[in-house]
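Data block below; observations after.
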Amino acid sequence: MRNLFALLSGLLFGAGLLLSGLADPAKVLAFLDISGVVNGHWDPSLMLVMGGALGVYLPVFLLWVKPRMARNQGPVLDSQYHLPSKTRIDGPLIVGAALFGLGWGMLGICPGPAVVNLASLDPMALAFMATMVLGAYLGRLISRMIARRLPGPVEA
Amino acid sequence: MFSSLAIALCGGLLIGLAASLLLVVNGRIAGISGIISGALWRRGTDLFGWQFYFLAGLLLSGLLLAEPLKAWLAIEPVVLSERGIAAPTLLLSALLVGLGCSLGNGCTSGHGICGIGRLSPRSIAATLVFMLVGVIAAVLLN
């Protein structure tokens, strides 16, 4: 049952990415390239994507999930919420976010659209996915190296 | 212009709905990079965890919606080979995206939607950084 809802969520998420234009790298670049503001080519529509998504997620979290967590109630189909436990704004977070921003700003493809666009079975989409996974693996290795050097509890 | 803004808003609402569903029903964060990592390197007993089903749903959306979106809204399926992208650029971008999300524990969906949606300072910081660097990269490289 949980897997069925995961499938449904993935399906809706992908539909949202396709509909919003986030799956189209050209549209993403037209948003990120703010030099377009001057010459009139800037595409602001992706702001509405994030706004729309947060417009649903934020109230759901604040009005439903947070009160339930406070009462020690879990989600509908599980005994507890699985939320990230890290809270510190640390070096790896900032460096990682910057590297991701650089890669994203180069082509306009982030992980969600990378998966959705695999449906085209295009060799370049497959190459992007494979290389992205390789990058993620390297990131795991680096994170482990950092974890070994630093004292204190570090989650996997 | 108006219709494209309205369609983008609908897409955003749908993404928010999908992420909310996963949180409310399964108690999970809809961060795509984390879900991919979880599917590949999860230390669990069952071979196909929920992450596989979520990713299958994402993939399925691309397969099922290509034709209707083209017919109804003139949204063409994205074929990267037709965009004239140089192979080294593609590979470098993909490597940076994978590495960055892994080091930074999240991408646009995990930090930008689910993280900000929980008012997590860590995710707000990550989103500000990747948006800023993304804008700089897009401006300089285009």
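Sequence order for the protein chains is F and G.
Going by the working numbering, 3 is the number at position 14 of the first sequence; the sequence numbering is gapless.
Every number in the working numbering is 113 more than the matching position in the second sequence, counting from 1.
Don't be surprised by glycine CBs; every beta carbon is placed ideally from N, CA and C.
Computed from a prediction, not measured in an experiment: that's the story for all the values here.
Inset, instruction - Measure the Cβ-Cβ separation of residue 145 (chain G) and residue 194 (chain G) and say whether it is below 8 Å. - result: The beta carbons of residue 145 (chain G) and residue 194 (chain G) sit no closer together than 8 Å.
Inset, instruction - Going by CA-CA distance only, name the one from G:136, G:207, G:116 that's closest to residue -6 (chain F). - result: Taking only the C-alpha atoms, the option nearest residue -6 (chain F) is G:136.
Inset, instruction - Please work out which residues of its chain come closer than 8 Å, Cβ to Cβ, to residue 114 (chain G), disregarding the five sequence neighbours upstream and downstream, and give them in chain order. - result: A caution first: residue 114 (chain G) carries a pLDDT of 46, below 50, which makes its placement in the model too unreliable to give a value.
Legend entry - Simplified DSSP assignment, three categories, for residue 189 (chain G): The three-state secondary structure of residue 189 (chain G), taken from DSSP, is coil.
Inset, instruction - Check residue 61 (chain F) in the structure and name its three-state DSSP category. - result: Three-state DSSP puts residue 61 (chain F) in coil, outside helix and strand.
Legend entry - Reduced DSSP secondary structure (H/G/I, E/B, other) of residue 128 (chain G): Helix, per DSSP.
Legend entry - 9 Å Cβ cut-off: residues of chain G touching residue 162 (chain F): Missing from the structure shown is residue 162 (chain F); chain F here goes from -10 to 145 and no further.
Legend entry - Given 8 Å, three or more beta-carbon pairs between the segment -3 to 17 of chain F and the segment 123 to 141 of chain F: The answer is no - the segment 123 to 141 of chain F does not touch the segment -3 to 17 of chain F, with fewer than three Cβ pairs under 8 Å.
Legend entry - Interface flag, residue 151 (chain G) vs chain F, CB-CB below 8 Å: Residue contact with chain F for residue 151 (chain G): absent (no Cβ-Cβ distance below 8 Å to any residue of chain F).
Inset, instruction - Check the C-beta distance from residue 220 (chain G) over to residue 125 (chain F) and give it rounded, since I have them as a contact under 8 Å. - result: The pair is not a contact, with the Cβ atoms about 10 Å apart (cut-off 8 Å).
Inset, instruction - Pull up the distance between the alpha-carbon of residue 200 (chain G) and that of residue 206 (chain G), whole angstroms please. - result: One alpha carbon belongs to residue 200 (chain G), the other to residue 206 (chain G), and they sit about 10 Å apart.
Legend entry - Coil, strand or helix - residue 156 (chain G) by DSSP: It is coil, neither helix nor strand.
Inset, instruction - Quick one: list the residues of chain G neighbouring residue 105 (chain F), beta-carbon separation under 8 Å, in chain order. - result: Residue 105 (chain F) reaches chain G at 171, 172, 174, 175, counting residues in chain order whose Cβ is nearer than 8 Å.
Inset, instruction - Would you kindly check if the distance between the Cβ of residue 170 (chain G) and the Cβ of residue -1 (chain F) is under 8 Å? - result: Their beta carbons are under 8 Å apart, which means residue -1 (chain F) touches residue 170 (chain G) by this criterion.
Legend entry - Three-state class that DSSP yields for residue 214 (chain G) in the structure shown: The answer is helix: DSSP assigns residue 214 (chain G) an H, G or I state.
Inset, instruction - Could you tell me whether the Cβ of residue 121 (chain F) comes closer than 8 Å to any Cβ of chain G? - result: With respect to chain G, the C-beta atom of residue 121 (chain F) has a partner C-beta closer than 8 Å.
Inset, instruction - Could you tell me whether any Cβ in chain F is nearer than 8 Å to the Cβ of residue 197 (chain G)? - result: No, because no Cβ of chain F sits closer than 8 Å to the Cβ of residue 197 (chain G).
Inset, instruction - Could you give the DSSP three-state label for residue 243 (chain G): helix, strand or coil? - result: The answer is helix: DSSP assigns residue 243 (chain G) an H, G or I state.
Inset, instruction - From the DSSP output, in three-state form, read off residue 235 (chain G) for me. - result: Helix at residue 235 (chain G).
Inset, instruction - Following the continuous alpha helix (DSSP H) through residue 122 (chain F), name the residue where it begins and the one where it ends. - result: Start and end: 112 to 138.
Inset, instruction - Check the Cβ of residue 136 (chain F) against every Cβ in chain G and list those closer than 9 Å, keeping chain order. - result: Within chain G, no residue has its beta carbon less than 9 Å from that of residue 136 (chain F); the closest one is some 12 Å off.
Inset, instruction - Taking C-beta pairs closer than 7 Å, name the residues in chain F that residue 190 (chain G) reaches, listed in chain order. - result: Going along chain F in sequence order, the residues near residue 190 (chain G) (Cβ under 7 Å) are 109.
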